[in-house]
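Position one of the sequence shown corresponds to residue 3 (our numbering), numbered consecutively onward. The beta-carbon is built from N, C-alpha and C at its ideal position, and this holds for glycine as well. Beneath this line is the structure, given in structure tokens, with notes to follow.
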Amino acid sequence: MEQKCIFCAIVANQIPALKVYEDDNFIAFLDIRPLTKGNCLVIPKKHYIWTYDVPNFGDYFEVARKVGLAAQKAFGAKWICFLTLGLEVQHAHIRVVPRYEKDLHGIVVDINVNEKFSEEEMKEIAEELKSAIPVEQPKVEEKKEEPVEEKPRWSKKDLFWARRDIEQT
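Structure (structure tokens):
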């Protein structure tokens, strides 16, 4: 854990967070100052300062995509913004910001404009979001059958001569 990194403290369960997703490498949790309903932060469990330093970059954004799709499913968000500013906390994070027709933002998200939700509402939002994220089933490797080699077909003429040769021996 990096010294005094709030996100590392969340990973270590030293600071509570309303987690909506967790796997071996990443955690997603509600932002305590949400820009919109369902606004989450997706972070790697290991400390990296910049998003582009995360080695499994594709997996990282796949988690963000899952969270965004869950917000669309759970809350009817019209679209999702993914922000990777990296200035607020020196730990890589992707802000997943669901957008709604009548949210408090214009075309561009203003990170200084927050919506207010009660603690109870935040817990409900987290539960709804968590239940909208599909549970991964373990991948089962498909057993590939070896191709069966077809035996050559014999013509009637070849069969006649083969039988004749066998009978004569």
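Beta-carbon separation (whole angstroms), residue i vs residue j, contact threshold 8 angstroms
| i | j | result |
| --- | --- | --- |
| Val-110 | Leu-37 | Contact doesn't hold; Cβ gap of about 11 angstroms is too wide. |
| Arg-101 | Ala-72 | That pair is no contact at about 14 angstroms. |
| Cys-42 | Val-22 | 6 angstroms |
| Ile-29 | Ile-12 | 7 angstroms |
Helix, strand or coil at residue i [DSSP, three-state]
| i | result |
| --- | --- |
| Lys-39 | coil |
| Lys-158 | helix |
| Phe-119 | coil |
| Tyr-23 | strand |
| Ala-30 | strand |
| Leu-131 | helix |
| Val-110 | coil |
Where residue i falls, given that 16 or more other Cβ within 10 Å makes a residue buried
| i | result |
| --- | --- |
| Leu-89 | exposed |
| Pro-57 | exposed |
| Pro-18 | exposed |
| Tyr-54 | exposed |
| Phe-162 | exposed |
| Pro-136 | exposed |
| Lys-118 | exposed |
Residues of its chain near residue i, where Cβ-Cβ distance is below 6 angstroms and the 5 sequence neighbours each way are ignored
| i | result |
| --- | --- |
| Glu-70 | A small correction: the amino acid at residue 70 is Gly; Glu does not occupy that position in the sequence shown. Around Gly-70: Ile-82 and Val-98. |
| Ala-76 | Glu-130, Leu-131 and Ala-134 |
Proximal residues to residue i (C-beta, below 7 angstroms), its chain only, five neighbours per side dropped
| i | result |
| --- | --- |
| Leu-20 | Phe-31, Leu-32, Met-124, Lys-125 and Ala-128 |
| Phe-9 | Ile-45, Val-91, His-93 and His-95 |
Cβ neighbours of residue i in the same chain (closer than 8 angstroms, five flanking residues each side left out)
| i | result |
| --- | --- |
| Ala-66 | Ala-30, Val-44, Phe-84, Ile-96 and Val-98 |
For residue i, the residue or residues it bridges with in DSSP
| i | result |
| --- | --- |
| Pro-100 | Ile-82 |
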